Amino acid sequence: MTRSARAALKQPTRTDQAAEPVIDALIDTLIDTDKRLRYRLIHDQLKSAIALGRIAPGLVLLEGPVARIFGTSRVPVRKAFEMLHADGLLHTFEGRGYIVAGADGSAPEPLRAPLSEASLGFDQAQAPLELPSNSERIYHALEAAVSIAIAFGHYRIDESAAATAFGVSRSAVREALSRLRDFGLVEKSAYSHWLAGPLTARAVAQDYELRMLLEPAALRASYAKLSSEMIESACVDIERAIRDPDSIDADGLQRLETTLHVECLQHASNKKLLGTIDHALMPLTVNHAFFNAFNLHPDPATLVEHRAVLRPLLDGNIDAAADALLDHLRAAQRRTLQRLKVLAVLPEPDLPAYMQRIV
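When we follow the UniProt record's numbering, the leftmost residue of the sequence shown carries the number 1, and every step to the right adds one.
Below you can see the structure in the form of structure tokens.
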């Protein structure tokens, strides 16, 4: 943990109040937006970017990474891709996903590169989430509330109360909760109640045990399809973070974690393997909420461990990269368990009324 991070944890006057302002701020920023369907918004944004030449012809578009950029599930992305394919703007090919058509409508050679807002042309236009659906508008606030709550106990999420708090329909709340379930943050009981937590040391250890078994294997399986441009970009980002860790906030750290633990693994052909890993990523989400709530910066050791994985990838040494990833996960498990101990001595924060503690 950096010096400023340690200082943040030493301020007892903040600990009992830190989580609530974060949640309140997320809720307060919800604004009235266009009610267009998500797939239509995604379709329109991508169509415009392709037509203006902002997306490289041949770029391979995958549902998962594009869904993360738009902050949504894969379903509307899939629908948008199908519409763009019907428009002649995307082509299928022998690999997974679609490729962007050339200016003349032809199907270029596939170009595999990291997908980001910039590669999708949004560095020259409005951010793609200006017009989210109701469920998308509330997702991050709901995620923050759940992520903080599960560190303090077992909770039931009241759909009706959440709908009232956010000023949306219960179906919008249900859709957001379903997305959280995909990441293992909530579950649905036999009585159709949404439940969250408790986040225990045992649960964290089990998630990391799965990841230690599966992520190195997924990296090996994905490696052959990782582009050198993607790896070089990841190396540049991690070197920049190592030079100035205090410039990396919770969102910045989350992006670095996503690069290593999602994007570097995403080309593995075994989708059940990737699905199992996805369900074991709850500690990443909780760590993000923790760092966000207390305004912490990453531990330099974490960043150096990331570099130890990425550099061998760049050099073509997949064995060394997989071994370094395993070492990183072991160290990350120790840090996360220590973080749980810190949370255990903090006062339980005031949570939204829709988060109902189960005694």
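Just so it is clear, CB atoms sit at the ideal spot from N, CA and C, and this is done for glycine as well.
These figures come from a predicted structure and were not determined experimentally.
Alpha-carbon spacing of residue i relative to residue j, whole angstroms
i: L340; j: L226; result: 34 Å
i: Q206; j: L199; result: 11 Å
i: K315; j: F294; result: The sequence shown places Asp at residue 315, rather than the Lys named in the question. Using only the alpha carbons, I get a separation of about 37 Å.
i: G121; j: K47; result: 11 Å
i: V146; j: M355; result: 8 Å
i: A49; j: E209; result: 42 Å
i: P108; j: I318; result: 29 Å
i: F183; j: G53; result: 34 Å
i: I358; j: S192; result: 15 Å
i: E82; j: L62; result: 12 Å
i: R112; j: D323; result: 25 Å
i: Q333; j: L115; result: 28 Å
i: M212; j: Q266; result: 16 Å
i: R96; j: L346; result: 46 Å
i: S106; j: G167; result: 46 Å
i: A103; j: L89; result: 9 Å
i: E117; j: V60; result: 14 Å
i: R74; j: A321; result: 29 Å
i: R78; j: T302; result: 35 Å
i: S119; j: A331; result: 33 Å
i: A344; j: N134; result: 34 Å
For residue j and residue i, believed in contact at Cβ under 8 Å, the rounded distance
i: V204; j: L195; result: V204 to L195, Cβ: 18 Å. No contact.
i: I55; j: V100; result: 5 Å
i: I157; j: L177; result: 6 Å
i: L180; j: E136; result: L180 to E136, Cβ: 13 Å. No contact.
i: R311; j: C235; result: 7 Å
i: A162; j: S222; result: Actually they are not in contact, since the Cβ atoms of A162 and S222 sit about 37 Å apart, beyond 8 Å.
i: G197; j: H261; result: G197 to H261, Cβ: 22 Å. No contact.
i: I231; j: L325; result: Not quite, the Cβ-Cβ distance comes to about 14 Å (not below 8 Å), so this is no contact.
Simplified DSSP state of residue i, which is helix, strand or coil
i: H328; result: helix
i: I99; result: strand
i: L59; result: strand
i: A151; result: coil
i: A200; result: The amino acid at residue 200 is misidentified as Ala; the sequence shows Thr. Of the three classes helix, strand and coil, the one that applies to T200 here is coil, per DSSP.
i: K271; result: helix
i: Q356; result: strand
i: E159; result: helix
i: K79; result: helix
i: S135; result: helix
i: C235; result: helix
i: H297; result: coil
i: Q206; result: helix
i: E348; result: coil
i: T336; result: helix
i: N287; result: helix
i: S119; result: coil
i: S178; result: helix
i: N317; result: coil
i: I50; result: helix
i: Q254; result: helix
Beta-bridge pairing of residue i - partner residues as DSSP gives them
i: T92; result: Y98
i: E229; result: Answer by DSSP bridge pairing: none, since E229 is not bridged.
i: E187; result: L195
i: E111; result: According to the sequence as given, residue 111 is Leu; it is not Glu. Answer is L59.
Just checking, does the stretch 239–253 make contact with the stretch 171–178 on the three C-beta pairs under 8 Å criterion? Between the stretch 239–253 and the stretch 171–178 there are fewer than three inter-stretch CB-CB distances shorter than 8 Å, so the stretches are not counted as touching.
Would you check if the stretch 69–82 and the stretch 39–47 touch, i.e. whether three or more CB-CB distances between them fall below 8 Å? Touching, per the Cβ criterion.
Pair every Cβ in the stretch 278–285 with every Cβ in the stretch 294–305, then say whether three or more of these pairs are closer than 8 Å. Touching, no.
Check whether the stretch 347–357 and the stretch 209–226 are in contact - that is, three or more C-beta pairs closer than 8 Å. At 8 Å Cβ cutoff, the stretches do not touch.
Do the stretch 239–246 and the stretch 284–292 touch if we need at least three Cβ pairs shorter than 8 Å? The way I'd put it, the stretch 239–246 doesn't touch the stretch 284–292; fewer than three beta-carbon pairs between them come closer than 8 Å.
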